[in-house]
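Residue numbers (the working numbering): -18 to 66.
Structure, rendered in structure tokens:
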């Protein structure tokens, strides 16, 4: 069964899933999340899915790999030199 997911709800669920991991998670944030979820089981499902994605070992590994690759300095690219005959 295919469901239509609103892009805005998907983005917000991803942001909430990430924010909940912050050690400074406040009661105000919790109340705002509960208000966002209120009466919306579709949003609760999206939140669970995003939290599962964040916790997925393969996603964690890939994210760390990309971060390392981006932080590694690379030589500037240059055209290969033509072979001298």
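For each residue, glycine too, the CB sits at the ideal point set by N, CA and C.
Looking from the CA of residue -7, the closest CA among 47, 25 and 4 belongs to 25. Judged by DSSP in its simplified three-state form, residue 3 adopts coil rather than helix or strand.
Three or more pairs of CB atoms, one per stretch, sit closer than 8 Å, so the segment 26 to 34 contacts the segment -6 to 1.
Going by C-alpha positions, residue 56 is about 21 Å away from residue 45.
Taking C-beta atoms under 8 Å as the contact rule, residue 27 and residue -1 fail to qualify, at a distance of about 13 Å.
Taking the CA atoms as reference points, residue 9 sits about 19 Å from residue 20. Per DSSP, the unbroken alpha helix (DSSP H) holding residue 17 starts and ends at 8 to 18.
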